[in-house]
Amino acid sequence: MKERDIISEIQQGNRHAFRHAFTNHYKELIRYAYTIMKDDKEAEDVVQECFAILLGKPALWEKIKDIRGYLMRMVHNQCMWKIRERQSQEKKYEKYAHWANTTTYGGLPEVLRDINQHENESLVQYLMSVLTPMRRQAIELVYIEQLSYAEASDRMGISKNSLKTHLKLAMVKLRSLIHILLVICMCIRIQI
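Per the working numbering, residue 2 is the first one in the sequence shown, and the count goes up by one each step.
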């Protein structure tokens with residue numbers, strides 16, 4: 002089957018033609034993505050995301066003249082985006098880790114300085130209990146056991162990007178809960 006025919010068939014929604022393009026290029030794209038990402042799971046994630054985009058948007062195939070060339074460029078661009086995203090996340094996590102390691106009780110709001118050790122442990126247990134199991138495990142592995150992203154993602158059986166997503170979403174949830182708790186504590190203090 003010629004490339005032009007494959008593209009035409011894919012545009013018409015022929016899943017067999019899509020599968021043909023997928024199987025013909027998948028391994029090569031994984032190898033190429035790996036040379037950029039240096040991680041098997043991330044390389045596989047990138048390639049699968051690219052094919053998912055193409056499967057969900059058949060109109061994109063109208064622009065394609067050379068399937069292999071288009072897929073290689075798409076994988077390259079997706080890898081570059083992932084790397085920029087990873088670097089951005091790492092900077093954010095470094096800032097958070099620095100803040101978490103340097104902040105003492107003296108730097109906390111007054112309402113939180115009055116919490117004793119037992120209450121503090123109970124609060125942490127409660128906050129962790131509201132997270133999904135995957136997010137809780139990600140927080141425990143990275144921030145409590147202090148594993149690297151690679152070690153934590155391997156232990157969880159997910160890619161580093163998935164781990165970072167779990168960490169990011171967990172931190173968003175924890176921040177919002179802490180904010181709510183601070184407001185409640187301040188309201189209680191005002192009433193007393």
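The beta-carbon is built from N, C-alpha and C at its ideal position, and this holds for glycine as well.
#### Entry: Pairwise C-alpha distance: lysine 39 and glutamate 50
As a working note, residue 50 is residue 49 in the sequence shown. As a working note, residue 39 is residue 38 in the sequence shown. C-alpha separation (whole angstroms): 17 Å.
#### Entry: C-alpha gap between alanine 44 and alanine 34, whole angstroms
One-based indexing of the sequence shown puts residue 44 at position 43. One-based indexing of the sequence shown puts residue 34 at position 33. Cα-Cα distance, rounded: 5 Å.
### Query
What does a CB cutoff of less than 6 Å around glutamate 4 pick up in its chain, not counting 5 residues either side in sequence?
Within the sequence shown, numbered from 1, the residue matching residue 4 stands at position 3. Hits under 6 Å: Ile68.
### Message
Beta-carbon within less than 7 Å of glutamate 207's beta-carbon, same chain only, minus the 5 sequence neighbours each way: which residues are those?
### Response
Absent from the model: residue 207. The displayed extent of the chain is 2 to 193, so no value can be given.
### Task
In the DSSP assignment, find the unbroken alpha helix (DSSP H) run with leucine 30 in it and report its ends.
One-based indexing of the sequence shown puts residue 30 at position 29. Segment 16-38, the alpha helix (DSSP H) holding leucine 30.
#### Entry: Buried versus exposed, by CB contacts within 10 Å (16 or more), serine 89
Working through the sequence shown from its first residue, we reach residue 89 at position 88. Serine 89 comes out exposed.
### Query
From threonine 32 to histidine 26, what does the alpha carbon distance come to, in whole angstroms?
For the purposes of this step, residue 32 is taken as the residue at position 31 of the sequence shown. For the purposes of this step, residue 26 is taken as the residue at position 25 of the sequence shown. Here residue 32 is arginine; the residue named in the question, threonine, does not match the sequence. The alpha-carbon atoms of arginine 32 and histidine 26 are separated by roughly 10 Å.
### Query
Whose C-alpha, out of Arg87, Leu164, Leu72 and Phe52, is nearest the C-alpha of leucine 142?
Within the sequence shown, numbered from 1, the residue matching residue 142 stands at position 141. Answer by Cα proximity: Leu164.
### Query
Where does serine 130 land, buried or exposed, given buried means 16+ other C-beta within 10 angstroms?
Here residue 130 refers to the residue found at position 129 when the sequence shown is read from its first residue. Exposed, by the Cβ-count rule.
### Query
Would the C-beta of proline 59 count as close to the ligand GTP, meaning under 6 Å from any of its heavy atoms?
This structure lacks the ligand GTP, and indeed carries no ligand of any kind.
### Query
Buried or exposed: where does valine 184 fall if 16 or more other Cβ atoms within 10 Å of its Cβ makes it buried?
On the sequence shown, position 183 is the one that residue 184 refers to. It counts as exposed.
#### Entry: Nearest-angstrom Cα separation, counted from leucine 124 out to phenylalanine 23
Stepping through the sequence shown from its first residue, residue 23 is reached at position 22. Stepping through the sequence shown from its first residue, residue 124 is reached at position 123. Near 49 Å, if we compare the C-alpha coordinates of leucine 124 and phenylalanine 23.
### Query
Among Gln79, Asn162, Leu128 and Val173, which one has its Cα closest to the Cα of phenylalanine 52?
Counted from its first residue, the sequence shown places residue 52 at position 51. Among Gln79, Asn162, Leu128 and Val173, the Cα nearest to that of phenylalanine 52 belongs to Gln79.
### Query
Between isoleucine 65 and the rest of its own chain, which residues show a CB-CB distance below 8 Å, the 5 nearest in sequence each way excluded?
Within the sequence shown, numbered from 1, the residue matching residue 65 stands at position 64. The answer, listed in chain order, is Ile8 and Tyr71.
### Message
At the level of alpha carbons, what is the spacing between alanine 60 and methionine 172?
### Response
What you label residue 60 is simply residue 59 of the sequence shown in a count that begins at 1. What you label residue 172 is simply residue 171 of the sequence shown in a count that begins at 1. Approximately 38 Å between the Cα atoms of the pair.
#### Entry: Straight-line Cα distance separating glutamine 126 from histidine 180
Here residue 180 refers to the residue found at position 179 when the sequence shown is read from its first residue. Here residue 126 refers to the residue found at position 125 when the sequence shown is read from its first residue. Roughly 17 Å between the two C-alpha positions.
#### Entry: Short Cβ contact (7 Å threshold) for serine 160 with lysine 83
One-based indexing of the sequence shown puts residue 160 at position 159. One-based indexing of the sequence shown puts residue 83 at position 82. Contact flag unset, no.
### Query
Going by Cα to Cα distance, which pick from Glu63, Ala151 and Met135 is closest to arginine 87?
For the purposes of this step, residue 87 is identified with residue 86 of the sequence shown, where counting begins at 1. Cα-wise, what sits closest to arginine 87 is Ala151.
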